[in-house]
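First to last, the sequence lines map onto chains A and B.
The opening residue of the first sequence carries number 2 in this note's numbering; numbering runs sequentially from there.
The opening residue of the second sequence carries number 168 in this note's numbering; numbering runs sequentially from there.
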Amino acid sequence: MRVITYREALREAMREEMLRDGRVIIIGEDIDAYGGTYAVTKGLAEEFGRDRVRDTPLAEGVIAGAAVGAAMSGLRPVAEIMTINFSLLASDQIINTAAKVRYMFGGQTNVPVVFRMPAGGGAQRGAQHSQMLEAMYAHIPGLKVVMPATPYDAKGMLKSAIRDEDPVLLIEHELLYGVRGEVPDLGEEYTVPLNRGDIKREGTDVTLVTFSRALHLCLQAAEELAHEGISAEVVDLRSIRPLDLDLVLDSVKKTNRAVIVEEGWKYYGTGQGIAAMIYEYGFDDLDAPIGHVTGVDAPAPYAKNLEKAVFPSYTDIVAAVKKITPVRSGR
Amino acid sequence: MVIRDLTLAGLKKEQLLNLHYTMLLMRHFEEKAAEGYTLGKIGGFLHLYTGQEAVGSGVNLALEQNDVVISSYREHGHALAKGVDPNALMAELYGRASGVSKGRGGSMHIFSKEHKLFGGYAIVAAQLPIACGYALSAKLLKENFVTVVYFGDGAVDEGAFHEALNLAQVWQLPVVFVCENNLYSMGMAVERAWAVSSLEPRAKAYAMDYEQVNGMNVLDVYQTAQKAVKRARETSMPTLIEAKTYRFRGHSMADPSSYRSKEEAEKWKQTSDPIVLFENALREAGIANNDDFKKNDDRALQIATKAVEFADKSPMPELQSLTEDIMVDPTGAIAWRRPR
Ligand SMILES: Cc1ncc(C[n+]2csc(CCOP(=O)(O)OP(=O)(O)O)c2C)c(N)n1
Ligand SMILES: [Mg+2]
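Below is the structure:
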C-alpha cells in the first residue's frame with residue numbers, strides 16, 4: 002500500500018484505463034493546457050496525445066452531447082465537467098439523452114460514458130459555485146451516480162465506471178482532492194464495484210449514513226462520540242444510485258438508530274430519499290426517529306462566517322446523534 | 168505647453184482626466200484586492216481586471232446614468248466605472264455586512280441597484296440572455312435605457328451567446344454586447360477554441376452590426392461604444408462589439424498561468440498597457456502632463472487604500488442574515504409551519 006491523494010488516485014485510474022483500452026478518451030474544459038482545473042488530468046495529454054485528451058471550447062452542452070454520441074458509437078469517453086454547477090448546462094444531454102436512449106430505442110444502444118465533476122462548497126465560492134445537486138441526477142432512472150470519498154474508492158470506482166456499459170456520473174468534491182489515503186501499489190490491479198457501500202467504522206449504538214466529503218465529518222464525529230460512550234457505525238454509501246440499501250438496513254438492524262449526514266439541502270434530497278427507504282423497509286428496527294444533518298436551506302453565502310454556518314460540521318452530527326441516542330451507563 | 172481648450176475624441180481635458188482617473192482607480196483597486204487575497208482577507212475566487220481597464224472605462228463613458236450594465240465575475244472594473252462606491256465594493260470582496268451585496272455575493276456577484284450595475288454572474292454566458300430581458304423591459308416599458316453586457320471570448324462558445332444574439336436581433340432589443348476578447352478563457356487560447364479569427368462572422372450570422380476595436384485604446388473604445396449606444400437608444404437595435412485586450416494577471420488568483428509564456432505577458436504589459444498608452448496620447452496632444460497623471464495616480468491609490476481600511480474594519484454579516492432575502496415571501500420557504 003501507498004499513501005496518495007484523491008486527485009492522484011483519479012489520475013491513476015484514468016491512466017491505467019487508457020493504457021488498458023485504446024477507446025478511452027478524455028474531453029473537457031482546461032484539462033490540458035491549463036493543467037486541469039483541479040490538476041486531476043495533469044500530464045495525461047503529454048502521455049496519451051491530444052487526440053485522446055482533448056481540451057474543448059467553453060461549452061458544456063456539446064461536451065456532454067459529444068461524449069454521449071461518442072459512447073454510443075464505440076469510444077469510451079470520460080467527460081470532465083469543470084464543476085457540477087456547470088453540469089446544469091450539460092444536464093439536458095445527461096438526463097434527456099444519456100439516461101433515455103437505451104430504453105427508448107428498445108435496448109439497441111448503450112451509453113458507456115463517464116461524467117466526472119466536483120460538487121460541494123466550503124471554499125467561499127458563493128451561491129453559484131457551491132452546490133451538491135447529486136440528488137437531481139440520482140432522481141433519474143437510467144443514470145448511475147457515485148460519490149467516492151477516499152482515494153482508494155475514487156480510483157477503484159472510476160476504473161469501474163469507465164468499464165461500465167451504462168452512463169455513470171462520478172461526483173467528486175472540491176475539498177477532497179488533497180485528501181490522502183492508502184491505495185494498493187501500482188501494478189496491483191483492483192476495482193471497487195459501483196453498487197456496494199462500505200462500513201468505514203464499525204459501531205453498535207447508532208448508524209451514521211453518509212457519502213462524499215461528509216464521510217470525513219462523520220468519522221470525526223464518531224471519534225468524539227466514542228469518548229462520550231456512544232459507539233457509532235459509519236456507513237459510506239459510496240454510490241447513491243444504485244444504493245446499497247441492504248448495507249444500510251443491516252446496520253440499522255444492529256444499532257436501531259440512524260442519522261443521515263449530507264452536505265446538500267434537506268428537502269427532496271438524497272438523505273430524505275434514504276430515510277424514506279429506511280422507514281419503508283426497516284421501520285420495525287428503529288428505536289428512534291431518523292436524524293438528519295444537512296446544509297441550511299439557503300443558497301451558499303460568500304462571507305466566511307455565513308459559509309461556515311451554512312454547511313454541517315461534525316459538532317452538528319454529534320448533537321444530532323445525542324438527540325436520539327441514550328448514553329449507556331457502565332462504559 | 169498645455170492649451171486649455173484642446174479636445175480628443177470630442178472630450179475636454181477634464182473629461183479626459185476623469186477617464187484616466189477611472190482607469191487608475193481600477194488598477195489600484197485590483198492591486199489592493201490581490202493583496203487582500205494574499206493576506207487571506209478575501210476568499211473564494213478572485214478575477215482581476217488588470218490590463219482591460221480601457222474597455223470598461225471607455226464603454227462606460229458612452230453611457231448615461233440610467234443605462235444598465237450587466238457583467239460576469241470579472242466585474243470590479245465595470246462596477247467602479249458605473250460609480251459603485253469603492254468602499255462598498257471592497258467590503259463585498261471582504262465578505263462584510265457593508266458590502267454591496269451584504270457580503271453574501273463576494274467578488275463574483277457585485278450588484279448595485281442604485282448604480283444600475285445589475286450583477287456579476289459566475290455561470291459563463293448567463294448574463295447575455297439576462298441582458299436581453301432587461302432590454303426587453305426597456306422596450307416594452309418605454310424606459311429609454313440601453314443595456315450593456317460584458318463577457319469574455321470563452322462565453323462566445325456557449326450556446327447562450329448565440330441564443331441571445333439571435334433573440335436581440337429578431338426582437339430588436341436595445342442592447343450592446345461587449346466581448347472583452349483577452350485571448351484566453353482560463354487556459355484555452357482563443358485560436359484553439361474559435362473556428363473563426365474574429366467575431367465578425369458570428370455577428371453576420373445573426374445579421375447584427377459588428378464593431379471591432381483595440382481594447383487597449385480607451386478613446387477608440389469610447390467612440391465605438393458611442394455609436395453602438397446611439398444605435399440602441401435611437402433605433403432599438405443591438406450591436407456586437409469585440410474589444411481586443413489582454414489580462415495582465417492570471418485568470419484568477421488561483422491560476423498557475425502555465426498555458427502562456429511569461430514573455431508574452433511581459434510584451435503586452437510593456438507595449439500595450441492601456442493606461443500608459445492613454446497617457447502618451449494625452450501628452451502628445453499637449454492636453455495633460457505628468458503632474459496631472461501623478462495627481463490622478465495619488466488620488467486613485469488613496470481611494471483604493473481607504474477602501475481596504477473601510478472593508479477591514481467593517482463587521483461580518485450577522486448570522487441571522489444567512490436565511491434572509493431568499494425570497495420575497497418568507498412563507499415560501501419549504502415546510503413553513505402555520506403559527507398556532
Ligand atoms: C458555464 C460555466 N462553465 C465553466 C465555468 C468556469 N469558468 C469560469 S471563467 C471561465 C473562462 C471564461 O473565459 P472568458 O469568457 O474568456 O472570460 P475571461 O475570464 O477571460 O474574462 C471558465 C471556464 C463557469 N463559470 N461557467
Ligand atoms: Mg477571455
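Even for Gly, the Cβ is constructed at its ideal location relative to N, Cα and C.
Buried versus exposed call for residue i [16 or more other C-beta atoms within 10 Å across all chains shown]
| i | result |
| --- | --- |
| His228 of chain A | exposed |
| Ser224 of chain B | buried |
| Ala222 of chain A | buried |
| Arg504 of chain B | exposed |
| Arg369 of chain B | buried |
| Asn447 of chain B | exposed |
| Glu259 of chain B | buried |
| Leu187 of chain A | exposed |
| Asn457 of chain B | exposed |
| Asn86 of chain A | buried |
Residue interval of the alpha helix (DSSP H) (run including residue i)
| i | result |
| --- | --- |
| Gly203 of chain B | Lys180 to Thr205 |
| Arg55 of chain A | Not the alpha helix (DSSP H): Arg55 of chain A falls in the beta strand (DSSP E), residues Val54 to Asp56. |
| Lys324 of chain A | Tyr315 to Ile325 |
| Trp361 of chain B | From DSSP, Trp361 of chain B is part of no alpha helix (DSSP H); its letter is neither H nor E. |
| Thr508 of chain B | With chain B represented from 168 up to 507, any question about residue 508 of chain B goes unanswered, as that position is not in the structure. |
| Met404 of chain B | Taken as a continuous stretch (DSSP letters only), Met404 of chain B belongs to no alpha helix (DSSP H), as it is neither H nor E. |
| Ile209 of chain B | That residue, Ile209 of chain B, is in no alpha helix (DSSP H); it is neither H nor E in DSSP. |
| Tyr138 of chain A | Glu135 to Ala139 |
Per DSSP, the bridge partner or partners of residue i
| i | result |
| --- | --- |
| Ile172 of chain A | A:Met118 |
| Ala336 of chain A | Nothing can be reported for residue 336 of chain A: it is not among the residues displayed for chain A, which extend from 2 to 332. |
| Ala80 of chain A | A:Ile28 and A:Phe116 |
| Ala356 of chain B | B:Tyr351 |
| Ala410 of chain B | B:Glu347 and B:Val380 |
| Thr211 of chain A | A:Asp237 and A:Val262 |
| Ile291 of chain A | Its beta-bridge partners do not exist; DSSP assigns none. |
| Tyr317 of chain B | B:Val345 |
| Val236 of chain B | B:Leu284 and B:Val315 |
| Ser488 of chain B | In DSSP, Ser488 of chain B forms no bridge with anything. |
| Ile5 of chain A | A:Gly182 |
| Leu228 of chain B | Answer by DSSP bridge pairing: none, since Leu228 of chain B is not bridged. |
| Leu45 of chain A | Answer is none; Leu45 of chain A lacks a bridge partner. |
| Arg242 of chain A | A:Val146 |
Simplified DSSP state of residue i, which is helix, strand or coil
| i | result |
| --- | --- |
| Glu347 of chain B | strand |
| Lys156 of chain A | helix |
| Gly331 of chain A | Reliability of the predicted coordinates at Gly331 of chain A is poor, the pLDDT of 48 falling under 50, and the value obtained from them is presented with this limitation in mind. Here Gly331 of chain A sits in coil by DSSP. |
| Leu250 of chain A | helix |
| Ala500 of chain B | coil |
| Lys473 of chain B | helix |
| Ser419 of chain B | coil |
| Ile277 of chain B | coil |
| Val337 of chain B | helix |
| Leu295 of chain B | helix |
| Arg507 of chain B | coil |
| Leu195 of chain A | coil |
| Leu173 of chain B | coil |
| Tyr301 of chain B | helix |
| Phe106 of chain A | coil |
| Phe284 of chain A | helix |
| Asp440 of chain B | coil |
| Ala14 of chain A | helix |
| Glu430 of chain B | helix |
Reference residue i; option with closest CA among the options
| i | options | result |
| --- | --- | --- |
| Asp218 of chain A | A:Leu45, A:Lys201 and A:Asp33 | First, the amino acid is wrong: residue 218 of chain A is Leu here, not Asp. Of the candidates A:Leu45, A:Lys201 and A:Asp33, the one whose C-alpha sits nearest the C-alpha of Leu218 of chain A is A:Lys201. |
| Glu61 of chain A | A:Leu89, A:Glu48, A:Val79 and A:Met15 | A:Leu89 |
| Met375 of chain B | B:Leu215, B:Leu332 and B:Ser279 | B:Leu332 |
| Val184 of chain A | A:Leu177, A:Asp154 and A:Tyr280 | A:Asp154 |
| Ala100 of chain A | A:Ile141, A:Val253 and A:Ile172 | A:Ile141 |
| Gln51 of chain A | A:Arg197, A:Asp31, A:Val311 and A:Met148 | Per the sequence presented here, residue 51 of chain A reads as Arg, with Gln not at that position. Nearest of A:Arg197, A:Asp31, A:Val311 and A:Met148 to Arg51 of chain A, Cα basis: A:Asp31. |
| Val343 of chain B | B:Ala292, B:Met494, B:Val226 and B:Asn456 | B:Val226 |
| Gly321 of chain B | A:Ile325, A:Thr57 and A:Arg239 | A:Thr57 |
| Leu209 of chain A | A:Gly265, A:Gly272 and A:Gly157 | A:Gly272 |
| Phe312 of chain A | A:Ala124, A:Tyr35, A:Tyr7 and A:Leu220 | A:Ala124 |
| Leu350 of chain B | B:Glu431, B:Asn384, B:Thr490 and B:Lys480 | B:Glu431 |
| Val169 of chain A | A:Leu159, A:Arg53 and A:Glu175 | A:Leu159 |
| Val337 of chain B | B:Cys299, B:Glu367 and B:Tyr426 | B:Cys299 |
Residue-level contact to chain C via CB, residue i, 9 Å cutoff
| i | result |
| --- | --- |
| Thr498 of chain B | The structure shown contains no chain C; its protein chains are A and B. |
Residue i, enclosing beta strand (DSSP E) - first and last residue
| i | result |
| --- | --- |
| Glu183 of chain A | Arg181 to Val184 |
| Arg202 of chain A | Asp199 to Arg202 |
| Lys145 of chain A | Lys145 to Val147 |
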